Amino acid sequence: MANVRPLLPRQKLFVAEYLASRNATDAYRKAGSAPKDADVAGPRLLGNVGIAAAIRKGMDELLEIISLKVEDIVTKLELITTADPSKLTGHHIGACRYCRGVGGKYQWRTSREWMDETAAAKKGEKPPTASGGFGYRRTLKVNPDCAECDGLGQAYVVFADTRDMDPAERELFLGVKQTQHGIEYKMADKAHALDQLAERTGVFQKRDEGMVNALASALIEIRARTSRAPINRKERHDDKGPRQH
Ligand SMILES: [Zn+2]
4 MANVRPLLPR QKLFVAEYLA SRNATDAYRK AGSAPKDADV AGPRLLGNVG
54 IAAAIRKGMD ELLEIISLKV EDIVTKLELI TTADPSKLTG HHIGACRYCR
104 GVGGKYQWRT SREWMDETAA AKKGEKPPTA SGGFGYRRTL KVNPDCAECD
154 GLGQAYVVFA DTRDMDPAER ELFLGVKQTQ HGIEYKMADK AHALDQLAER
204 TGVFQKRDEG MVNALASALI EIRARTSRAP INRKERHDDK GPRQH
C-alpha cells in the first residue's frame, strides 16, 4: 500500500457515498461529478488503487462498528435468555401460624406481638394464649401434617433487591411499577429474546429482507476481501463453558 497518493476531496466524497450506497454509479453522481457517464466512470473509479484502499479501510471500520453493535446486542440477548426470573420475584409458600406452633396451636412471632394482642383484648374477652409458642416466620417450612392449612401453608410474594441483581437479572429487569394491587416487577420477554438470539446467530437461518440481509452481504463481501475475521462468535461461545445457575 506504499506510495498511494492522497485522495482528492471529490474522490473522498465518492468513497463516502460508495460506502453508504454500495453503488458506484450513484456514488459518482452524488460526489458531484458529471452525471452523463456515471454508469461507466463510477465503476471505473473502483479500480483506482487509492480509492480501492480507502473503500477497504472504510469497510473495515464499518464492519468493526457493526460487529461491536451486533456483539453488544447478542450479549444482552444472551443475558436475558439465561436470567432466572424467579431470582427477581417469586411466589413462595411458608408455614401458617399453626404449622409450627406447639401442639398445633397459634404461634406468635414475638412476645411483644402476643402482649400487644393481650392488651388489645376487650374486657370480658379471653386473652390469647401463648401456649403455641413464639418464633413464627412466614419463611418457616410448612408442616405437612398441619390440621389448620392441610399442609398447604401460606403463600407470599417476594421481590429481589434491585441493588443485588447480577448482570443477567439486570437485563431481564425492566423496572418497578406501583399498582393498586401492589408492586409489579416488569421483565423483558425471554421467549422473544430467544427468538431474536436465534435469528441473529443464524440458528434457524431465518431469511429476513432488508437490514439483516444488507449487513450479511456486506460482511460476506468484506470477508472475501480480507483475511481478517473480526467476528468469531462461535469461539467465544465455546470458551464460556457450561453456565452456572
Ligand atoms: Zn399450617
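In terms of the working numbering, the sequence shown opens at residue 4 and continues consecutively.
Yeah, the Cβ is synthetic: ideal placement off N, Cα and C, and Gly gets one too.
For clarity, every value in this text was computed on a predicted model and none was experimentally measured.
- Arg8 and Val18 have their C-alpha atoms some 15 Å from each other.
- Assignment of beta-bridge partners to Thr182 by DSSP yields Gly185.
- In terms of side-chain proximity, the C-beta atom of Tyr101 is found nearer than 8 Å to a non-hydrogen atom of ligand 1.
- When secondary structure is reduced to three states using DSSP, Gln110 falls in the coil class, being assigned neither helix nor strand.
- Contact annotation: Met168 and Leu177 have beta-carbon atoms that are not nearer than 9 Å.
- For the region 12-63, the continuous alpha helix (DSSP H) assignments of 4+ residues that do not extend past its boundaries occur at 12-24, 27-33, 41-48, in sequence order.
- DSSP places Leu71 within a helical segment (H, G or I) once states are collapsed to three.
- Between ligand 1 and Val179, a heavy atom-to-CB distance of less than 8 Å is absent.
- Rounded to whole angstroms, the gap between the alpha carbons of Ala98 and Val161 is 15 Å.
- When rounded, the separation of the alpha-carbon atoms in Pro38 and Glu74 is 40 Å.
- Straight-line measurement puts the Cα of Lys126 at about 22 Å from the Cα of Tyr109.
- Ala158 sits in a strand when the DSSP states are folded into three classes.
- The beta carbons of Ile96 and Gly156 sit closer together than 9 Å.
- By the C-beta density criterion, Leu11 is exposed, having fewer than 16 other C-beta atoms within 10 angstroms.
- The way I'd put it, the region 71-85 doesn't touch the region 102-117; fewer than three beta-carbon pairs between them come closer than 8 Å.
- When beta bridges are read from the DSSP output, His195 appears opposite no residue.
- Relative to ligand 1, Val145 has its C-beta within less than 8 Å of a heavy atom.
- Within its own chain, the residues whose Cβ lies closer than 8 Å to the Cβ of Thr121, once the five positions on either side in sequence are excluded, are Pro130, Pro131, listed in chain order.
- Taking the Cα of Lys90 as reference, the smallest distance to any Cα among Lys193, Asp164, Gln183 is reached at Asp164.
- Cβ contact annotation for Trp117 (same chain, cutoff 6 Å, sequence separation greater than five): Trp111, Ala133, in chain order.
- Residue range 170-175 is occupied by the alpha helix (DSSP H) that includes Ala171.
- The alpha-carbon separation between Leu22 and Ala196 amounts to approximately 31 Å.
- DSSP lists no beta-bridge partner residue for Gly136.
- Per DSSP, the continuous beta strand (DSSP E) segment holding Thr92 begins and ends at 92-97.
- According to the DSSP secondary-structure assignment, Met190 is paired through a beta bridge with Phe176.
- DSSP places Lys144 in the coil class of the three-state scheme, outside both helix and strand.
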